[in-house]
Amino acid sequence: NHDEYKDARKSFDFKNVFIIPNGVDLKKFKKIDDSNNKRKKIVFFGRIHKKKGIELLIDAIKLLPNSFFENFHFEICGPGEKKYLNFIKEKINDISLNKVAYKDFVSGEKKINYLSNANIFVLPSFEEGDSIALKEALSLSIPVIISRQCRMDVVKEYNSGLIINSNTKDLYKSLLEISNKDLPLMGKNSRKLMEDKFSIYDISERVLQIYKDIHCGSKTSRDWIQ
3 NHDEYKDARK
13 SFDFKNVFII
23 PNGVDLKKFK
33 KIDDSNNKRK
43 KIVFFGRIHK
53 KKGIELLIDA
63 IKLLPNSFFE
73 NFHFEICGPG
83 EKKYLNFIKE
93 KINDISLNKV
103 AYKDFVSGEK
113 KINYLSNANI
123 FVLPSFEEGD
133 SIALKEALSL
143 SIPVIISRQC
153 RMDVVKEYNS
163 GLIINSNTKD
173 LYKSLLEISN
183 KDLPLMGKNS
193 RKLMEDKFSI
203 YDISERVLQI
213 YKDIHCGSKT
223 SRDWIQ
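Position one of the sequence shown corresponds to residue 3 (this note's numbering), numbered consecutively onward.
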């Protein structure tokens, strides 16, 4: 009621800031058994925009030896502004379809099904907030290659992927490196990371604690920024 609000306002400084990340409902994300697939799929899934580093990925693909594509292939999937999307499609068309292809964007259950068939997720973004697509890939037990701008250093802590600087050379090296890693083990680590850090139920509890802090003036949540 109004009196409770006035009491809370007296005991709390509303200039304080808190940060709580997006969570994922992990029950919706189950990895498909793709152990029989001859060639593993490396995907970029997200908005087709210059800041996402897609051009870096295409340039890195061009540098990879032909032998790499005996075991791996790439797919780029996502929506975008028509002019830039056509530009990216033209760059992809300059490379063999055996190496990389563009796929029309999917959403909802189709998105989960699409990502669950991936073996490696790539996001070499120049600028990123809190990528839902990245967290969904991790939830599906997929190893990742991400830029530092994705702000997910915990990926390195859990050995669930590689973190790079946003340039073609680093991305090229990381693709060669991760292709020789134990991908199933890294995938298990990806899922563990999400279970430990980003379950929607744990995130909801953190939001609830913020509300309690505001109401009581307690400020006990670890999510307040000092």
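Ideal Cβ placement from N, Cα and C applies to all residues, glycine included.
CA-to-CA distance, residue j to residue i, given in whole angstroms
| i | j | result |
| --- | --- | --- |
| residue 156 | residue 101 | 30 Å |
| residue 109 | residue 93 | 24 Å |
| residue 117 | residue 130 | 20 Å |
| residue 132 | residue 21 | 11 Å |
| residue 31 | residue 140 | 10 Å |
| residue 138 | residue 219 | 35 Å |
| residue 193 | residue 181 | 19 Å |
| residue 127 | residue 150 | 8 Å |
| residue 185 | residue 178 | 13 Å |
| residue 65 | residue 200 | 35 Å |
| residue 159 | residue 80 | 29 Å |
| residue 222 | residue 208 | 11 Å |
Assigned secondary structure, residue i (DSSP; H/G/I helix, E/B strand, else coil)
| i | result |
| --- | --- |
| residue 55 | coil |
| residue 189 | helix |
| residue 77 | strand |
| residue 89 | helix |
| residue 160 | coil |
| residue 20 | strand |
| residue 168 | coil |
| residue 60 | helix |
Boundaries of the alpha helix (DSSP H) in which residue i is found, first to last residue
| i | result |
| --- | --- |
| residue 114 | 110–118 |
| residue 144 | No alpha helix (DSSP H) holds residue 144; DSSP gives it neither H nor E. |
Counterpart residues of residue i in DSSP-defined beta bridges
| i | result |
| --- | --- |
| residue 82 | 50 |
| residue 201 | 26 |
| residue 43 | 75 |
| residue 227 | 19 |
| residue 149 | 166 |
Element boundaries [beta strand (DSSP E), containing residue i]
| i | result |
| --- | --- |
| residue 105 | 102–105 |
| residue 122 | 122–125 |
Beta-carbon spacing of residue i, residue j below 7 Å
| i | j | result |
| --- | --- | --- |
| residue 170 | residue 27 | no |
| residue 1 | residue 121 | Any answer about residue 1 is impossible in this case: the structure gives the chain only from 3 up to 228. |
| residue 103 | residue 77 | yes |
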